[in-house]
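Undergrad: There's a structure below that I have some questions on.
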Amino acid sequence: MLAVYDTATGAVRPFASRVPGHATAYVCGITPYAEAHLGHARPAVVWDVITRHLQHRGYRVTLVVNITDVDDRLIERAALAGVPVAALAEENAARYLADMRRLGVLDPTYLSRATENLDPIVALIERLLARGAAYCAGGDVYMRVRSVPDYGALSHRKLDDLRSGVRITPNPHKEDPLDFALWKGERPGEPSWPAPFGRGRPGWHIECSAMAWRYLGSWVDLHGGGVDLVFPHHENERVQTRAALDSQDTPGVGYWVHNGMVTSSGVKMSKSLGNGTALADLIQRHGPAAVRGYLLSVHYRSPLEFSEAGLVEFARGLDRVGRLWEAVQDAPPAAAPLGGELGEALSQFPLRLDAALDADFNTPAALGHLFDMVRAANGLIAGGSQAAAGLARRNLLLAREALGLVLPGDQPRGASAGPPAPVAALVAERAAARMAGDFARADALRGAIQAAGWVVEDRRDGPVVRPRSET
RNA sequence: GGCGACGUAGCCAAGUGGUAAGGCAGGGGUCUGCAAAACCCCGAUUCCCCGGUUCGAAUCCGGGCGUCGCCUCCA
532 MLAVYDTATG AVRPFASRVP GHATAYVCGI TPYAEAHLGH ARPAVVWDVI TRHLQHRGYR
592 VTLVVNITDV DDRLIERAAL AGVPVAALAE ENAARYLADM RRLGVLDPTY LSRATENLDP
652 IVALIERLLA RGAAYCAGGD VYMRVRSVPD YGALSHRKLD DLRSGVRITP NPHKEDPLDF
712 ALWKGERPGE PSWPAPFGRG RPGWHIECSA MAWRYLGSWV DLHGGGVDLV FPHHENERVQ
772 TRAALDSQDT PGVGYWVHNG MVTSSGVKMS KSLGNGTALA DLIQRHGPAA VRGYLLSVHY
832 RSPLEFSEAG LVEFARGLDR VGRLWEAVQD APPAAAPLGG ELGEALSQFP LRLDAALDAD
892 FNTPAALGHL FDMVRAANGL IAGGSQAAAG LARRNLLLAR EALGLVLPGD QPRGASAGPP
952 APVAALVAER AAARMAGDFA RADALRGAIQ AAGWVVEDRR DGPVVRPRSE T
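Residue numbers (the numbering used here): 532 to 1002.
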C-alpha cells in the first residue's frame, strides 16, 4: 500500500488519487537564468522515481513541470549579457533539459512555460479581482492575503508571526506588507503583455496556479518542489488557487511533496550564493549513472550533503550492479523461486523493491535490497546456478524500470564499444605471453594497458577489458 | 525571535515500540602465476546527552546540546 508524506499535514498518509487510476502531479521546475547545479537535478530525479512507481502501481500519471521563463533575475541577467530574456531563458532551459535526459528522467506529460500561459494567468487574476481577493495599486495587482482565512496552513505559520519578522522592503502600494504581486506593471525595457488591468508581466506565484489549473483543473493529487518553496511560493500559490477556484472545503492539493536540499559544506547550494556544483560538469566527469544513483542514495526528504568523494564511493557500489548485469544479461528467464537466504534475496526482490518504494518512496532502502540481491546472485551464480542468473536478470530489469537505474549498454559511457585497436593488440599480446609463461612480460603489458586507461581481468574464459573507472 | 526538519559504526545511509538493513573504506581468508573481479569471515551490547512512560525504546514523552532549512530570490 503506497503511502506518501504530505507537508500540509506533516504525516505519511495512504495514497489515493481523486480519480481512481489517474494521478495528477504538478512540480515546480527551474528559473533558467543561469547554469543548473546538482540541486536542480534532485527534484527531477526524485519525481521521475515517483512517476515510475505510480505507473507501476497502476496509475496513469499526468505530470506537469513548469519553467519560469520571465522573472526579475532573468531580466537582470539578460540585460547584463545584452541578450533578449527569451533567448537567455531558452538557452539555459535547453541545457537543463538535455542534462535531465542524460540522467534518464522521463519527459513530463506537459512542460509548461510561463510566457506560453498568459491567458490563464490573466484569467485567474481577473477572477481574484472579481472576488475581492486581489486589488490594483500603482499599476500592479496584489493578492489580498487577509482575504484568505487560513493563510499559512501549508507552511504552518501564523500571519502574526510573519508580520513580526517582515524583512520585505515596505511597499507603499500594498495594503498589507505580506500581500504579494500577482501582476507587475509594465516597466521600460522589460517584457510585458496586455491585460485588462494594464500591461505588465506575471508575478512569480501566479503562473503555477494558472498552469496547474489549465492542465489539471482545480485539483492536483501531488504538488511538489524543493522544501525551500514551501514558503512563500507554495503557500501563496495555494491561497491564490483556493481564492479563485475552490470552495473553502476543498484544499485543491492531495499531497504536498517536498524534497530536501542539496548542501555543500553544510549550506544549501544556490545559484545566488554561487556554491553549486555544475550539473553538466558532474555528469561529464562521473557519468549519469553515478549522479543519478547518488541522488537516490538518500531519502528524498533528507538533506543531501554533497561531496565528490561520496559520489565516487557510491558509484563504486553501483559498478558491482553493472558487473552483475554484464554477467546475466543473456541469461534465460527463470521462474521458479529459490529457497534459502540467498535464494530469497533473489526471489523476494520484486516485493521488497515495491515495499520500499511504497513507503514514501524510500530509495535508499530499495538500493539496500538491490545490493543484497546482487551479493546473493553473485554467490549463487559462482556456484553454477542458472536459475539465479535468470532471476538476477529479471530483478535488474525491474530495478532499471523502477529507479531508472542505468545499466551498462543502456547508453554510451565513454568508449563503451570496447578498447581501441592498439589496446586490444596489447591485450592479445599479453594473453600470448601468459600462455607462454612469460609473466614478467605479461605484467609489463598490463601496466601498459592501464596506462592507456584500461583494466584487464583474467577470467576463466579469457581476459576481459574494461575502461578504468575514475579515481 | 517565530515555524519546520534532523542528530545511527571511520565515512554515507535504512530502520520510528520487540531487541541495529545496505554501501564505501579497513583487516583476515578462498580463488589467481601475480592481480582484478567475485564470495566468505571480522566491526555499533548500541543509535547526541539527561530524565520519564513501558514487560520492552534508536523508535513515544519532557528537558538540554548541536546542525540544517524557511521567515528575502531560491529545486
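The beta-carbon is built from N, C-alpha and C at its ideal position, and this holds for glycine as well.
Since this is a predicted model, take the numbers as computed values, not measurements.
1) Does the Cβ-Cβ distance between ILE737 and LEU760 come in under 8 Å?
2) Report buried or exposed for ASP638, applying the criterion of at least 16 other Cβ atoms within 10 angstroms of its Cβ.
3) In chain order, what residues of the same chain have a beta carbon less than 8 Å from the beta carbon of ARG675, not counting five sequence neighbours either side?
4) Looking at the secondary structure, which residues open and close the beta strand (DSSP E) in which ASP989 lies?
5) Helix, strand or coil: how does DSSP classify SER795 here?
6) Measure the beta-carbon distance from PHE845 to SER795 and round it to whole angstroms, keeping in mind my assumption that it falls under 8 Å.
7) Cβ atoms of HIS817 and THR894: under 8 Å apart, would you say?
8) In whole angstroms, give me the CA-to-CA distance for GLN586 and LEU776.
9) Could you give the residue range of the beta strand (DSSP E) that holds SER643?
10) Would DSSP call HIS568 helix, strand or coil?
11) So which of ALA896, ALA919, LEU898 and ARG847 has the shortest CA-CA distance to PRO863?
12) Kindly indicate which three-state DSSP category GLY853 falls into: helix, strand or coil?
13) Taking C-beta to C-beta, are VAL558 and PHE546 nearer than 8 Å?
14) Scan the segment 733-809 and note each continuous beta strand (DSSP E) run of 3 residues or more that stays entirely inside, going in chain order.
15) Take ARG972 and list the residues in its own chain whose beta-carbon comes closer than 6 Å to its own, dropping the five residues that flank it on each side.
16) Got a sec? Which residues, its chain only, sit under 7 Å from GLY921 by beta carbon, not counting five neighbours each side?
17) Indicate whether the contact test is met: 3 or more Cβ pairs, each with one atom in the segment 648-664 and one in the segment 767-774, closer than 8 Å.
18) HIS553 by DSSP, collapsed to three states: which one?
19) Once the 5 residues before and after PHE902 are set aside, which same chain residues still bring their CB inside 7 Å of it?
20) Rounded to a whole number of angstroms, what is the C-alpha to C-alpha distance between VAL576 and LEU826?
21) With DSSP as the reference, label ALA964 as helix, strand or coil.
22) Select from GLY968, LEU594, SER878 and ASP603 the residue whose C-alpha is nearest the C-alpha of SER803.
23) Is the beta carbon of LEU685 less than 8 Å from the beta carbon of HIS765?
24) Whether or not the segment 718-726 and the segment 742-760 are in contact is what I'm after, with contact meaning three or more pairs of Cβ atoms, one per stretch, closer than 8 Å; do they touch?
25) Does the segment 923-935 come into contact with the segment 583-598, if we say contact requires no fewer than three beta-carbon pairs (one atom in each stretch) closer than 8 Å?
26) If you drop the 5 nearest sequence neighbours on each side, which residues of the same chain put their C-beta closer than 7 Å to that of HIS900?
27) Run through DSSP, which three-state label would CYS706 get?
28) Quick check: what's the CA-CA separation for GLY757 versus HIS789?
29) Identify the residues that DSSP records as bridge partners of ASN893: which are they?
30) What's the call for VAL550, buried or exposed, on a 16-neighbour Cβ count within 10 Å?
31) Give a yes or no on whether the C-beta atoms belonging to ALA620 and ASP600 are separated by under 8 Å.
32) At what residue ranges does the segment 615-664 contain a whole run of the beta strand (DSSP E), taking only runs of 3 or more?
33) Residues in its own chain within less than 7 Å of PHE762 by CB, not counting five upstream and five downstream?
34) If you draw a straight line from the C-alpha of ARG633 to the C-alpha of ALA625, how long is it?
35) By the three-class DSSP mapping on this structure, what secondary structure does PHE711 have?
36) If you draw a straight line from the alpha carbon of LEU655 to that of SER801, how long is it in whole angstroms?
TA: Quick look at the numbers:
1) It is not a contact, given that the beta carbons lie outside the stated cut-off.
2) Taking all protein chains in view, the Cβ of ASP638 is surrounded by fewer than 16 other Cβ atoms within 10 Å, so the residue is classified as exposed.
3) Closer than 8 Å at the Cβ level, and outside the excluded window around ARG675, lie GLY663, ALA664, ALA665, TYR666, GLU706, ASP707 and ASP710.
4) From DSSP, the beta strand (DSSP E) with ASP989 extends over 985-990.
5) DSSP places SER795 within a strand segment (E or B) once states are collapsed to three.
6) Not really, about 17 Å apart at Cβ, beyond 8 Å.
7) No Cβ-Cβ contact shorter than 8 Å links THR894 with HIS817.
8) Taking the straight line from one Cα to the other gives about 29 Å.
9) Per DSSP, SER643 is one residue of the beta strand (DSSP E) stretching across 641-644.
10) Looking at HIS568 - three-state DSSP - the assignment turns out to be strand.
11) Check the Cα spacing between PRO863 and each of ALA896, ALA919, LEU898 and ARG847: the tightest is with ALA919.
12) In this structure, GLY853 counts as helix in the three-state DSSP scheme.
13) Between VAL558 and PHE546, the gap from beta carbon to beta carbon reaches 8 Å or more.
14) Counting only runs that start and end inside the segment 733-809, the beta strand (DSSP E) elements of at least 3 residues fall at 751-757, 784-790 and 793-795.
15) Excluding positions up to five away in sequence, the list reads ALA964.
16) Cβ neighbours of GLY921 beyond the five flanking positions: ALA862, PRO863, PRO864 and ALA865.
17) Enough Cβ pairs lie closer than 8 Å, so yes.
18) Per DSSP, reduced to three states, the secondary structure at HIS553 is strand.
19) Cβ neighbours of PHE902 beyond the five flanking positions: GLY848.
20) A direct Cα-Cα distance of roughly 7 Å separates VAL576 from LEU826.
21) In the three-state reduction of the DSSP assignment, ALA964 falls in the helix class.
22) Measuring from the Cα of SER803, the nearest candidate turns out to be ASP603.
23) Yes, Cβ-Cβ distance for LEU685 and HIS765 is below 8 Å.
24) The segment 718-726 and the segment 742-760 do not touch, with fewer than three beta-carbon pairs separated by less than 8 Å.
25) Enough Cβ pairs lie closer than 8 Å, so yes.
26) Residues PHE880, ARG883, LEU884 and ALA887 of the same chain have their beta carbon placed closer than 7 Å to that of HIS900, with the five preceding and five following residues left out of the count.
27) Residue 706 is actually Glu in this sequence, not Cys. Three-state result, GLU706: coil.
28) Put simply, the backbone Cα of GLY757 is about 5 Å away from that of HIS789.
29) In DSSP, ASN893 forms no bridge with anything.
30) By the C-beta density criterion, VAL550 is exposed, having fewer than 16 other C-beta atoms within 10 angstroms.
31) Between ALA620 and ASP600, the C-beta spacing is below 8 Å.
32) Scanning the segment 615-664 from its first residue to its last, the whole beta strand (DSSP E) runs of 3-plus residues come out as 641-644.
33) Once the five neighbours on either side are set aside, the close Cβ partners of PHE762 are SER686 and ARG688.
34) Going from the Cα of ARG633 to the Cα of ALA625 covers about 12 Å.
35) Strand, per DSSP.
36) Cα to Cα, LEU655 sits roughly 31 Å from SER801.
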